[in-house]
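As structure tokens, the structure follows; a few thoughts come after it.
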Amino acid sequence: MSEKSRLGLPLWLLWSLVTVVLWGTWGLVSKIASDGVDAYMNQLLFTAGIAPLLVFVGWKVSRGGPGEKRAGRGRGVFWAFLTGILGGVGNMAYFEAMVKGGKASVVTPVTALFPMVTVVLALVFLKERLGRVQWVGLGLAFVAIYLLNA
Amino acid sequence: MAWLGYAILALVLWGVTGVTQKLSTNRISSERSFLWFCWAMVALSGVVVVVARPHWGLGTLVVACSVAGGALNGLGAWTSFKALESGGKASIVISLISLFPLLTVVLAVALLHERLTWMQAAGAVVAIAAAILLSLEPAPAKAEAQSAGV
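In order, the protein sequences belong to chains A and B. If you want the numbering used here, it's the position in the first sequence, counting the first as 1, plus 3. If you want the numbering used here, it's the position in the second sequence, counting the first as 1, plus 73.
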């Protein structure tokens, strides 16, 4: 049985709902900021916002985690760093879409379709297979892009 | 429709991070991976300062929103890990979290007075459904074969 929060909700549900609120609000504040900040300046300020978390996670990592292997750590760090670079440039593109007049209520659902690229890449490069549900999702993603731009 | 090109660029880049993140967390802990993700953001910001020469002298509200964007995004990533660590099934947690654009749509319409055509509103709903379906991992082949009575 999963652990419960003080509110009586399972902890995983509470953390999931908090995530929805945090990321959902991120879309809103990005649109407000896009009224007066360019994508480059936003990247700097965005990083300033993430800095306290960097310190906290850095402190946790320095204390050492359970059972992390040393073998392959360099490669793991390389992929994590590349993820940050691609994610950061992606953030800049997301922000620029709003600077160029894209509505938060349209840009955010479009960019939230990014798993369609991940599943195709995983299919081609990681030799993963797609379930029927994911194929349906992929088809719906194209329908969504058409509708959002109609 | 210049915004669409940037939104699709963000979608593609974030889609690639789905693969690079997996390649990273196959080798190191999610916390170490997140730490190096943050360092990459810092490095990218360094490049932005040197190459792009961002414009300074901004209003308090837009600066606060940009910084808040980074904090909300980073905290959201952290709470999503916490949801998975707290015993939530990945398929349920990821599906639930994929609903975050819905909140952005609601907030943008309510607070920023954005107006959607019915096609765009339908597109937003289909996009969120697609993101949920795409995020569902296919069942392992063995389990699928058993359930099919093979």
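The beta carbon of each residue, even a glycine, is placed where N, CA and C say it ideally should be.
Assigned exposure category for residue i - 16 Cβ within 10 Å defines buried
| i | result |
| --- | --- |
| A/Trp62 | exposed |
| B/Met192 | exposed |
| B/Trp109 | buried |
| B/Met74 | exposed |
| A/Ala100 | buried |
| B/Leu184 | exposed |
| A/Ala74 | exposed |
| A/Ser8 | exposed |
| A/Val58 | exposed |
| B/Trp129 | exposed |
| B/Val199 | buried |
Three-state secondary structure assigned by DSSP to residue i
| i | result |
| --- | --- |
| B/Pro174 | helix |
| A/Pro13 | strand |
| A/Ala144 | helix |
| A/Lys34 | helix |
| A/Lys130 | coil |
| B/Gly222 | Confidence is the limiting factor: at B/Gly222 the pLDDT is only 39, short of 50, which leaves the residue's position unreliable and the question unanswerable from this model. |
| A/Lys63 | helix |
Member of the options whose CA lies at the smallest distance from the CA of residue i
| i | options | result |
| --- | --- | --- |
| B/Glu104 | A/Lys130, A/Ser108, A/Val80 | A/Val80 |
| A/Asn152 | A/Val127, A/Phe117, A/Ala115, A/Val110 | A/Val110 |
| B/Val85 | A/Val127, A/Thr121, A/Arg132 | A/Thr121 |
| B/Gly132 | A/Val64, A/Asn45, A/Ser65, A/Trp29 | A/Asn45 |
Alpha-carbon spacing of residue i relative to residue j, whole angstroms
| i | j | result |
| --- | --- | --- |
| A/Val31 | B/Phe154 | It is worth fixing the name first, because residue 31 of chain A is Leu in this sequence and not Val. Distance between the alpha carbons of A/Leu31 and B/Phe154: 23 angstroms. |
| B/Val178 | A/Gly27 | 8 angstroms |
| A/Leu141 | A/Ala115 | 13 angstroms |
| A/Val146 | A/Lys106 | 19 angstroms |
| B/Cys138 | A/Ile35 | 7 angstroms |
| A/Met119 | A/Ala144 | 7 angstroms |
| B/Ala221 | A/Ala125 | Here B/Ala221 scores only 41 on pLDDT, less than 50, and its place in the model is too uncertain to base an answer on. |
| B/Ser168 | B/Trp87 | 17 angstroms |
Terminal residues of the alpha helix (DSSP H) in which residue i lies
| i | result |
| --- | --- |
| B/Thr190 | Run containing B/Thr190: none; DSSP gives neither H nor E here. |
| B/Glu104 | 103-120 |
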